[in-house]
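Asks:
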Amino acid sequence: MNTPQLIDPFARAITYLRVSVTDRCDFRCVYCMSENMTFLPKKELLTLEELDRMCSAFIGLGVEKLRITGGEPLVRREIMTFFRGMTRHLESGALQELTLTTNGSQLARFADDLYAAGVRRVNVSLDTLDEEKFARVTRWGRLPQVLKGIDAAQKAGLRVKLNAVALKGFNEEELFSLTEWCAGRDIDLTWIEVMPMGDLGNEDRVGQYWPVSEIQAQLAQRYRVTELAHKTGGPARYVRLEETGQQIGFITPLTHNFCESCNRVRLTCTGQLYMCLGQEDMMDLRAPLRSSESDAPLVEAIHKAIGLKPKGHDFDYSRQRADGQVSRHMSHTGG
Ligand code: SAM
Ligand code: SF4
C-alpha cells in the first residue's frame, strides 16, 4: 500500500479517483443527456496512453481505488488495453481496487476480460425492469441486452451492484419488485437521488425528485431495516433488510451532507480534475501532462489541485428550485 500523499486543506486524504474515459454513450438517459448531444472532438480526449500515465501518477501519490466511468466506459475503443494496463498496479499492491460504473450494454462482451484484468466488482445502472419504461428513460437502450450483460458479469465472477436513480412517478412502484429481483440474484441495490446536473431544459427535475428518505420509510413498512455503520468516504449510506439479508444503499447528494468524509476527486475524459462534484472548481491536468515526458509538472499540478479542494457543495432543493445547479452534464464529469 502507498502512503497517502494527497491531503487536502481540510485534512482529508484523497485515495479515490473516478475517471471518465469517454463522454460518449450508447444510451441517452433523460436525466443525463439531451437527445442530440454534441460530443468532444477526439483530439480533446486523453489517449489511452495518457489515461494510463494520469492514473499511474495518482496511484503513485497514494490513490488506492480507481473507478472507471463515463459516458459509457465500455464504448471507448480499445478500453480493455487501459484496464489491462492497470492490472500491474493491482499486482504490485499499490492499487487496492479497480472498478467501473456501466450501463451494462456491453458487459456480455467484456465481462470475462474485465475479470481477467483484475476487476472484481461492477456497478450497473438500471432504473426499471419494465422493457417499455427502460426504453423511455434511456431513450436508446434495450433492457434484454443489459440483463444479458448482468448475467454475463455474474457468470464471470464479478460482484454486481445495481444503481437506480429514484424518479418520482417513474420507478416508485418498482421499489419492492426491484428489491426482490436483486435479492433473488444476490445483487446489492443503491438508490440515487436525482441531481440537478446538466441542462434542465423542459424536464422538471424538482417534480422528479423522490427523496431516499421516503424510499427508506417505504422499505421499513415491509422489512425489518437495520442501519449499517460502515462508511465509504462517499455519499452512500447503507441498511440491511433482515428478511433478505440484502444491503440497500442510498446516495443522497441533496439531503445529506457527506462532504466532511469526502476522499475522492474526479478526472474528466479531457484531463480536467474536478475536486468536488457539485462545484465548478477544476484544474486542467492535460496541459502539464502533455508539456513534458517527465511526470514532474503533472504531479505538481495534482498537488496544487488538491490544495484547492473545496469544503463541500451547494446542491439544495429545499426552496423548490434546483439551487446550486452546475451546468456540466453528468456524462462529462463521470457519475
Ligand atoms: N454510463 C455509465 C452508467 O450509466 O452507469 C456510467 C456513467 S453515468 C453518468 C454514472 C451514473 O450517474 C449512473 O448511475 C447514472 O444513473 C447517474 N446519473 C446520471 N445523471 C444523473 C442525475 N442527473 N442524477 C443522479 N444520477 C445521475
Ligand atoms: Fe449514458 Fe450512463 Fe448517462 Fe445513461 S447515465 S446516458 S448510460 S452515461
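Sequential numbering of the sequence shown, starting at 5, is according to the working numbering.
Just so it is clear, CB atoms sit at the ideal spot from N, CA and C, and this is done for glycine as well.
Got a sec? Which residues, its chain only, sit under 7 Å from A112 by beta carbon, not counting five neighbours each side?
Replies: Start at 1 with the first residue of the sequence shown, and residue 112 comes out as number 108. Excluding sequence neighbours, A112 sits near K152, G153, A156.
Asks: For ligand 1, I want to know if M199 counts as a neighbour, meaning its beta carbon is within less than 7 Å of at least one of the ligand's heavy atoms.
Replies: What you label residue 199 is simply residue 195 of the sequence shown in a count that begins at 1. Within the cutoff, so yes.
Asks: I'd like to check one pair, E135 with L99: are the Cβ atoms closer than 8 Å?
Replies: Working through the sequence shown from its first residue, we reach residue 99 at position 95. Working through the sequence shown from its first residue, we reach residue 135 at position 131. In this structure, E135 does not lie closer than 8 Å to L99 by Cβ.
Asks: If distances are taken between C-alpha atoms only, which option among V164, I196, E184, T103 comes closest to V23?
Replies: By one-based count along the sequence shown, residue 23 stands at place 19. Of V164, I196, E184, T103, the residue nearest in Cα terms is T103.
Asks: What do you reckon, are the CB atoms on G145 and F31 nearer than 8 Å?
Replies: Taking the first residue of the sequence shown as position 1, residue 145 is located at position 141. Taking the first residue of the sequence shown as position 1, residue 31 is located at position 27. It is a contact, given that the beta carbons lie within the stated cut-off.
Asks: Give me the Cα-Cα distance between G311 and G188, rounded to the nearest whole angstrom.
Replies: Sequence index remark: in the sequence shown, residue 311 carries index 307 (1-based). Sequence index remark: in the sequence shown, residue 188 carries index 184 (1-based). Looking at the two C-alpha atoms, the distance is approximately 45 Å.
Asks: Mind checking who I219 pairs with in its DSSP beta bridge?
Replies: As a first step, residue 219 must be located in the sequence shown, where it is residue number 215. For I219, which the question treats as bridged, DSSP gives no partner whatsoever.
Asks: What does the alpha-carbon distance come out to for the pair E246 and G97?
Replies: Taking the first residue of the sequence shown as 1, we reach residue 246 at position 242. Taking the first residue of the sequence shown as 1, we reach residue 97 at position 93. Whole-angstrom Cα-Cα distance: 35 Å.
Asks: Is there at least one non-hydrogen atom of ligand 1 closer than 7 Å to the beta-carbon of Y35?
Replies: The residue labelled residue 35 in the question sits at position 31 within the sequence shown. Indeed, a heavy atom of ligand 1 lies less than 7 Å from the Cβ.
Asks: Would V243 pass as a contact of I255 if the rule is Cβ separation under 8 Å?
Replies: Here residue 243 refers to the residue found at position 239 when the sequence shown is read from its first residue. Here residue 255 refers to the residue found at position 251 when the sequence shown is read from its first residue. In this structure, I255 does not lie closer than 8 Å to V243 by Cβ.
Asks: Three-state secondary structure (DSSP) at T103?
Replies: Your numbering for residue 103 matches position 99 in the sequence shown. Here T103 sits in strand by DSSP.
Asks: Would DSSP call K152 helix, strand or coil?
Replies: Your numbering for residue 152 matches position 148 in the sequence shown. Three-state DSSP puts K152 in a helix.
Asks: Among residues of its own chain, excluding the 5 on either side of A170, which ones have a beta-carbon nearer than 7 Å to its beta-carbon?
Replies: Locating residue 170 in the sequence shown gives position 166, where the first residue counts as 1. Counting only Cβ-Cβ distances below 7 Å, and skipping sequence neighbours, we find W195, I196, E197, V198, W214, V216, I219.
Asks: Evaluate Q250 with the Cβ neighbour count: other Cβ atoms within 10 Å of its Cβ, from every protein chain shown; 16 or more gives buried, anything less gives exposed.
Replies: Locating residue 250 in the sequence shown gives position 246, counting from the first residue. It is buried - the Cβ of Q250 has at least 16 other Cβ atoms within 10 Å.
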